[in-house]
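As you go down the protein sequences, you meet chains A and B in turn.
Taking the working numbering as reference, the numbering of the first sequence is continuous, increasing by one, and the terminal residue is 189.
Taking the working numbering as reference, the numbering of the second sequence is continuous, increasing by one, and the terminal residue is 1289.
C-beta atoms are modelled at their ideal positions from N, C-alpha and C, and glycine is treated no differently.
Read the structure below first, then the notes.
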Amino acid sequence: MTIRIAKRKATGGLLKAVEEKAEVNLSACYQCKKCSIGCPVADQTKSPPSEVIRRLQLGAGDELLQTELIWNCLSCETCYARCPNQINFPAVIDALKAIAIDKDQAAPQGNAPLFNRAFLNSVKMYGRSYELQTIALYKLGSGNLMQDLEKFPSMLIKGKMAVLPPTGADAGKVKKIFNKAAQRKGMGK
Amino acid sequence: MKYAYFPGCSAHSTARDMHDSCLAVTKALGIELQEIDGWTCCGASAAHQTDRELAVALASANLLLAQKMGLDMVVNCAACYNRSKVANAEVQHSPALRQSVADSLGQAYDGAVPVRHFVEVLVKDYGLARLRKQITHSFRGVKIAAYYGCYLVRPPDAAGFDDPENPSILESLIDVVGGTNVEWSGKVDCCGGMQNLTRTEITVRRSAAVIEMAQAAGAECIVVACPMCQTSLDLRQTDMATLLGKQYNMPVIYITQLLGLALGISPQALGIDKLVVSPATVLQAIKAG
């Protein structure tokens, strides 16, 4: 298969940023494709894991942030477990996610950033995840209010969905951790 | 046998049955789990997808609390187990992350607190021979598929749980309760749980594929040790019917529920009523002695 890459931009592509963020060495990849063979969502993406690495090696730029794999990835880590060179590809995907969000280029159909924000907001607020609030905020943000609605009554009756927010966590400590993370971002790290 | 227990956020919500059955089993066996006071969220999948340093700091905060208790940390949620083990590995291997964790938490952490999954405690610390003596009820004749999913076994270096491609620790427990382990190749496949709310169709298709493999191997129920796997495989069966036109009726039970039943604990105390797909056929097959 031929991989076509847009002419290398003056910035030199995403390779360096990804390698630094994920602490990986992508030149170790020799395209054995074990990662792509084991990937449970390879059939739902035009660029499976080995191809994303190849594109990065060849100097791909921001256009790579549109690849479906970034937001279809299940973090199952099968690619990492089977890589003969121990390349942490899930960390590469996480790095691409973070870069896409920073550049405001997260694919619009990728609701994962919205869900992650809703989840982390409740953790920041209570020190623990408050599932009902996470789901409510996610639903409001995505506009898909009807999804899974039929499941809620029985989950509430069975006590499988806590109604009240979690208590007992050291929420102050968690706020500090989040503040430090925000400070690091502010310093451009 | 005393451990620092990290329940994880879902223990008080969607995985209450996992938590309740774990505590019921520890009570019956005399294993002491001391809940970590003031424990906080491990960051789960949302943090590592957002900010790697934030993710490692959130998980390390609890590991530091366990360190102060001077005990190994026991986790029953496979996702929290995974994040804690990965945090240990990352802190050990990356000086930059170690520095950032120290900066976030105001104290240094070296990644040295042992993290154990509750299943490891049962099999490796309590021991199968000792466990066998406590069994009062048997699942003789019930064909069971042991399902591990991702978080327990991957990434192999950090998890160090069992053979990453062909684990057998759950099977050893199923063997103790008298069940018949089916041979199948889906036990470390992904259930798609991470996209459960975001890209639901991926989850529904992945989980259906797992159930189909277990069914083809003759399994009458699937036994899990992860709340994300349990939710995807169990709760999504109605969506499999809608989307794929397949009605599986496959009970998906926590290993601690299975073990609890074999120890003679009441289904109520094990949260059996919280399962979506009724495990009535499995319960009917239990034999005393």
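Using only the alpha-carbon positions, how far apart do B/Pro1155 and A/Thr78 sit?
8 Å
Any idea what DSSP makes of B/Met1073, helix, strand or coil?
strand
Please report whether the beta-carbon of B/Gln1195 lies at a distance below 9 Å from any beta-carbon of chain A.
yes
Measuring only between beta-carbons, confirm whether A/Lys34 sits less than 9 Å from chain B.
no
Which one or two residues does DSSP pair with B/Ser1138 in a beta bridge?
B/Lys1287
Chain B residues whose Cβ lies nearer than 7 Å to that of A/Ala162:
His1012, Ser1013
Determine which residues of the stretch 1151-1166 of chain B have a Cβ less than 7 Å from any Cβ of chain A, and write them out in chain order.
Arg1154, Pro1155, Pro1156, Pro1164
B/His1012 versus A/Leu145: straight-line alpha-carbon distance, rounded:
24 Å
Using a Cβ-Cβ cutoff of 9 Å, what residues of the stretch 112-135 of chain A are near chain B? List them in chain order.
Ala112, Pro113, Leu114, Phe115, Asn116, Arg117, Ala118, Phe119, Leu120, Ser122, Val123, Tyr126, Gly127, Arg128, Ser129, Tyr130, Glu131, Leu132, Thr134, Ile135
Does any C-beta atom of chain A lie closer than 9 Å to the C-beta of B/Leu1054?
yes
Give a yes or no on whether the minimum CB-CB distance between B/Ala1009 and chain A is below 9 Å.
Reading the sequence as shown, one finds Cys at residue 1009 of chain B and not Ala. By this cut-off, B/Cys1009 is an interface position.
A/Phe152, DSSP secondary structure in three states
helix
Assuming B/Gln1067 contacts B/Val1113 (C-beta within less than 8 Å), just tell me the rounded distance between them.
5 Å
Cβ neighbour criterion (16 or more within 10 Å) applied to A/Lys189:
With a pLDDT of only 48 at A/Lys189, under 50, the local geometry of the prediction cannot be trusted, and no value is derived from it.
Pair every Cβ in the stretch 1122-1141 of chain B with every Cβ in the stretch 1167-1182 of chain B, then say whether three or more of these pairs are closer than 8 Å.
yes
Nearest to A/Leu15 by CA position, among A/Ala171, A/Ile93, A/Lys46, is which residue?
A/Ile93
Residue environment, A/Pro153, which counts as buried when at least 16 other CB atoms sit within 10 Å
exposed
Which runs of the beta strand (DSSP E) spanning at least 3 residues fall entirely within the stretch 1004-1088 of chain B, listed in chain order?
1032-1035, 1073-1075
Report the residue from A/Pro40, A/Glu19, A/Phe178, A/Met161 whose alpha carbon sits nearest the alpha carbon of A/Tyr126.
A/Phe178
Secondary structure at B/Ile1265, three-state DSSP: helix, strand or coil?
coil
Contact set between A/Ala169 and chain B, taken where Cβ atoms lie within less than 8 Å:
Gly1038, Trp1039, Thr1040, Cys1041
Should A/Ala58 go down as buried or exposed, given a rule of 16 or more other Cβ atoms within 10 Å for buried?
For the sequence presented, residue 58 of chain A should be read as Leu rather than Ala. Result: exposed.
Excluding the 5 residues preceding and the 5 following B/Leu1054 in the sequence, name in chain order all residues of the same chain whose CB lies nearer than 6 Å to its CB.
Ala1047
Does the beta carbon of A/Gln147 come closer than 9 Å to any beta carbon on chain B?
yes
Looking at B/Ala1288 and the ligand NAP, is the gap between the Cβ and the nearest heavy atom below 8 Å?
No copy of the ligand NAP appears in this structure; indeed no ligand is present at all.
For B/Ser1094, would you say it is in contact with chain A, using Cβ-to-Cβ distances shorter than 9 Å as the test?
yes
Using a Cβ-Cβ distance under 9 Å, would A/Gly141 count as near chain B?
no
Which same chain residues, not among the five before or five after A/Ala122, have their C-beta less than 7 Å away from its C-beta?
In the sequence as displayed, the identity of residue 122 of chain A is Ser instead of Ala. Ser129, Tyr130, Gln133, Thr134, listed in sequence order.
For B/Gly1008, which residues of its own chain have a beta-carbon under 6 Å away from its beta-carbon, when the five flanking residues on both sides are left out?
Cys1077, Cys1080
Whose CA, out of A/Lys124, A/Cys29, A/Asp43, A/Glu23, lies closest to the CA of A/Thr167?
A/Lys124
Contact set between B/Arg1130 and chain A, taken where Cβ atoms lie within less than 9 Å:
Going along chain A, no residue has its Cβ under 9 Å from B/Arg1130, so there is no contact; the nearest lies around 32 Å.
Residue from B/Leu1197, B/Val1101, B/Met1250 whose Cα sits closest to the Cα of A/Lys180
B/Val1101
Going by DSSP in three states, B/Ile1144 sits in which element: helix, strand or coil?
strand
Going by DSSP, name the residue or residues bridged to B/Val1223.
B/Ala1146, B/Ile1253
Report yes or no: do the stretch 1156-1163 of chain B and the stretch 1248-1266 of chain B share at least 3 C-beta pairs separated by less than 8 Å?
no
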